[in-house]
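If you're matching them up, the sequences are chains W and R in order.
Read left to right, the first sequence gives residues 1 to 395 (my numbering).
Read left to right, the second sequence gives residues 1001 to 1175 (my numbering).
Glycine included, C-beta positions come from ideal geometry on N, C-alpha and C.
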Amino acid sequence: MMIPPYFEFQNAVKLLCGELALERIASELRHLGASRPLVLSDAVLAKIGTLSRVTQAMEAEGCPPADLFTDIPVDSSLLVVNRIAELYRSGHCDSLVAVGGGSVIDTAKGVRLVLSQQAEDILSLAGVENLCRGRHVPFLVVPTTAGTGSECTGAAVIRNDKTQVKMEFISPFVEPDVAVIDPRMTQGLPPRATASTGFDALCHAVEAATCLQANPLSTAYAHAAMELIMQNLEEATRNGSHREARFAMAVASTMAGIAFSNSMVGMVHAVGHALGGVCYVPHAVAMMILLPHVMRYNLSHAGDAYAALLPHLIGYPQAEGVPQAERAEAAISAIGQLRESLASLTGLPLTLSEAGVKEEDLERVAWVAINDGSLIVNPRSADEEQVLAVLKQAM
Amino acid sequence: MVKHALQRLTVAVVLRIVHAALIELRHLDSRVARELERLPDGASYAIHASASGPHLFVVWQDAHLRRVAGLSQAGCAIDIKAMPLAFSLFTGQMGLAQGYARHAFSVAGDVGDVMRLARLISLVEAYLFPKWMTRRILTDVPHTECSPLRVYARLCAGFLTGRYKLYFTETTPAP
Ligand SMILES: [Fe+2]
């Protein structure tokens, strides 16, 4: 394993993992000095009862929500963040609890930033490692998908309403105080969402372990996450009530989140963000389509790092039988096999055209992608034409 | 202290050369021209080479890249965390992507603006630094569309005629 000349690693999130984790939220809030939490979620989770499971546990343990906001859209924006910050202030809340997937959690991170930095507009806080600590706003996150890893990352990606481009807020101060990984939260997730969000977690692990910012600590998390995903994602997709597989995927997603929070992602995410912004392709679906194509593009520059993935993808004994020179290719095919198996289980698209992307949108996607921050640490640089070529292969 | 002062001086000079090289390359390299011309009018960058080090403030205005004395609020502000890091970044020892990966600087503003700047800086490096150096700091070295000697000649002419100035901060070079 290559040790870079300099690296940083941070994960200050306390993890509550496993049985009865939800029932401990009230106690955690009290320990953080909070008693009036504003709970953030979305309309679907409110409708299907996932949210009430959390709020009932909070209420039963003596810390009911002071207020609820369940209008966070799938593709949240800076305006939504500012609106919720206003609600928090007018409702005299003293803490935040986010219950949801990536959009809800990233929105909540944005709200936390606005409140702790005592800002009026989240837009003024955009950047990388540019903020000072600010006021402490107790912040708990309950992920309801096993994929984004956002509960443990020091980054929020939120759409700018004016430009329609996703903006990045990268700061250790967006990390929650506590992440609650309760397998009950993902039990009802349909097979399609289970498969695609789980594959998103795999992308986080692969990109974190192979990008320019990879370091021994983040790579250790990434490799371990990969092993759990390869062993459990198909089972969790096939049999949603398989508790162990669900729990393993939730833990894997968190570990992959810790990994990429400390070494970033790469071109898969840069192009995925662009496909989301321009063609509304859901993030996890884009990840599933793009990963093998981008790995092939990067192969000339990341061969050794890809080869090192193989034992974590197919197991040590099997990997030992593969000659060193063929290991990178074998890693790409192992990922390809998982992808095809998940697609046949769920009907998820494996090409961009199946996902509704039009040929005429590709140039715009390539332009947005080369301006995405994730591309900066990709193992191989890419210009517009190179991104366009990868997109065409994925059509 | 002497080392620090020398690094400071070198960085101050290189910052001015980078700005001048961008203006010259706009006429010599189609990719630089395209990148600059795609910037929104009023786009502004501030580069602070450490808290007490030299700065570069540039604004893309009326289709010209102007160096200005200061900016009340830059659209994109890059703060390099220490002088030796700035020295490495501006003397071809560390690329911008490597600098990002090593947390050498913070950014206030849209990360997309850093990506635009990173592409421009890679092109400048491809012309100003020898290949053995750029191979170490860039994952792929961009090809050059004209001889680097031509760029050097134009830069020398620019500095000798006073079109670009090495030591004054309040310059607005002619386009
Ligand atoms: Fe992702």
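Classify His1004 (chain R) as helix, strand or coil using the three-state DSSP reduction. If DSSP states are grouped into helix, strand and coil, His1004 (chain R) belongs with the helices.
Once you ignore the five residues that flank Ile258 (chain W) on each side, which residues in its own chain have a CB closer than 7 Å to its CB? The answer, listed in chain order, is Asn11, Cys152, Tyr221.
List, in order along the chain, the chain R residues whose C-beta lies closer than 7 Å to that of His301 (chain W)? Correct list: Thr1139.
Name the one or two DSSP bridge partners that Gln1061 (chain R) has. Answer is R:His1064, bridged to Gln1061 (chain R).
Relative to the C-alpha of Ile170 (chain W), which residue among W:Ile158, W:Glu340, W:Met230, W:Gly154 is closest? Looking at the Cα atoms, W:Gly154 is the closest of the given residues.
What is the DSSP secondary structure of Phe199 (chain W), reduced to helix, strand or coil? Note: Phe199 (chain W) maps to helix in three-state DSSP.
Given 8 Å as the limit, is there contact between the region 23-34 of chain W and the region 226-237 of chain W, that is, 3 or more CB pairs closer than that? Contact fails between the region 23-34 of chain W and the region 226-237 of chain W, because fewer than three Cβ pairs, one in each stretch, are under 8 Å apart.
Validate contact between the region 1134-1141 of chain R and the region 188-198 of chain W using beta carbons, cut 8 Å, 3 pairs: In this structure the region 1134-1141 of chain R does not touch the region 188-198 of chain W; the number of beta carbon pairs closer than 8 Å is below three.
Can you tell which of R:Lys1131, R:Ala1153, R:Leu1120, R:Arg1135 has the C-alpha that lies nearest to the C-alpha of Asn371 (chain W)? The option with the nearest alpha carbon to Asn371 (chain W) is R:Leu1120.
Consult DSSP for Thr1172 (chain R) and reduce its assignment to one of helix, strand or coil. Low confidence applies to Thr1172 (chain R): its pLDDT is 43, below 50, so where it sits in the model is not reliable, and the reading given next is rough at best. Three-state DSSP puts Thr1172 (chain R) in coil, outside helix and strand.
Under the three-state reduction of DSSP, which class applies to Val180 (chain W): helix, strand or coil? Here Val180 (chain W) sits in strand by DSSP.
Does any CB atom of chain R fall closer than 7 Å to the CB of Arg380 (chain W)? In terms of beta-carbon proximity, Arg380 (chain W) lines the interface with chain R, with at least one pair separated by less than 7 Å.
Decide if Trp244 (chain W) is buried, meaning its Cβ has at least 16 other Cβ atoms within 10 Å, or exposed. It is Glu, not Trp, that sits at residue 244 (chain W) in the sequence shown. Residue environment analysis places Glu244 (chain W) among the exposed positions, since fewer than 16 neighbouring C-beta atoms fall within 10 angstroms of its C-beta.
Ligand 1 heavy atoms versus the CB of Asp200 (chain W): any closer than 6 Å? Yes.
Is the beta carbon of Asp177 (chain W) sitting closer than 7 Å to the one on Phe139 (chain W)? Yes, the Cβ-Cβ distance between Asp177 (chain W) and Phe139 (chain W) is below 7 Å.
Do Val271 (chain W) and Leu290 (chain W) have their beta-carbon atoms positioned less than 7 Å apart in this structure? Going by C-beta atoms, Leu290 (chain W) is nearer than 7 Å to Val271 (chain W).
Please confirm if Gln164 (chain W) has its CB atom under 7 Å from at least one CB of chain R. No, no contact with chain R.
Counting pairs of Cβ atoms below 8 Å between the region 1074-1086 of chain R and the region 1033-1050 of chain R, do you hit three or more? In short, these stretches touch, since the Cβ pair count reaches three.
With DSSP collapsed to three states, give me the class of Ile289 (chain W). Helix at Ile289 (chain W).
Taking the C-alpha atoms as reference points, what is the distance between Gly303 (chain W) and Gly100 (chain W)? Rounded to whole angstroms, Gly303 (chain W) to Gly100 (chain W) spans 36 Å at the Cα level.
Below 7 Å on C-beta distance, what does Asn371 (chain W) contact in chain R? Result: Gly1112, Met1115, Arg1116.
Would you say Asp121 (chain W) and Asn160 (chain W) are within 7 Å of each other, going by their C-beta atoms? Going by C-beta atoms, Asp121 (chain W) is not nearer than 7 Å to Asn160 (chain W).
So, with DSSP's three-state summary, where would you put Met2 (chain W)? Correct three-state label for Met2 (chain W): coil.
What residues of chain W sit near Gln1098 (chain R), judged by a beta carbon separation below 8 Å? In chain order: Leu212.
Please name the residue, chosen from W:Ala209, W:Ile314, W:Ala286, W:Val322, that lies closest to Ala355 (chain W) on a Cα-to-Cα basis. Nearest option by C-alpha distance: W:Ala286.
Using 7 Å as the threshold, is the C-beta distance between Leu1065 (chain R) and Leu1096 (chain R) below it? Taking a C-beta distance under 7 Å as the contact criterion, Leu1065 (chain R) and Leu1096 (chain R) do not qualify as a contact pair.
Taking DSSP as the reference, what is the three-state secondary structure of Phe1087 (chain R)? In the structure shown, Phe1087 (chain R) falls within a helical segment according to DSSP collapsed to helix, strand and coil.
Skipping 5 residues on each side, what residues in its chain have a beta carbon closer than 6 Å to that of Arg380 (chain W)? Cβ-Cβ distances below 6 Å link Arg380 (chain W) to Asn298, His301 in the same chain, with the five nearest sequence neighbours on each side left out; the list follows chain order.
Three or more C-beta pairs below 8 Å linking the region 1001-1015 of chain R and the region 1025-1041 of chain R: The region 1001-1015 of chain R makes no contact with the region 1025-1041 of chain R; the number of CB pairs closer than 8 Å stays below 3.
By how many angstroms is the C-alpha of Ile84 (chain W) removed from the C-alpha of Asp67 (chain W)? Taking the straight line from one Cα to the other gives about 11 Å.
Could you have a look at Gly188 (chain W) and say whether DSSP puts it in helix, strand or coil? In the displayed model, Gly188 (chain W) falls within coil according to three-state DSSP, outside both helix and strand.
Tell me whether the beta-carbon of Leu350 (chain W) lies closer than 7 Å to the beta-carbon of Ala331 (chain W). Their beta carbons are not under 7 Å apart, which means Leu350 (chain W) does not touch Ala331 (chain W) by this criterion.
For the beta strand (DSSP E) containing Arg89 (chain W), name the first residue and the last one. Looking at the DSSP string, Arg89 (chain W) is not in any beta strand (DSSP E); the run it does join, the alpha helix (DSSP H), is 78-90.
Along the chain, which unbroken stretches of the alpha helix (DSSP H) at least 4 residues long are found entirely within the region 209-263 of chain W? Within the region 209-263 of chain W, the complete alpha helix (DSSP H) runs of at least 4 residues are 216-238, 243-263.
Which residues in chain W have a C-beta closer than 7 Å to the C-beta of Val1107 (chain R)? List them in chain order. Neighbours of Val1107 (chain R) across chain W, judged by C-beta separation under 7 Å: Gly127, Val128, Asn130.
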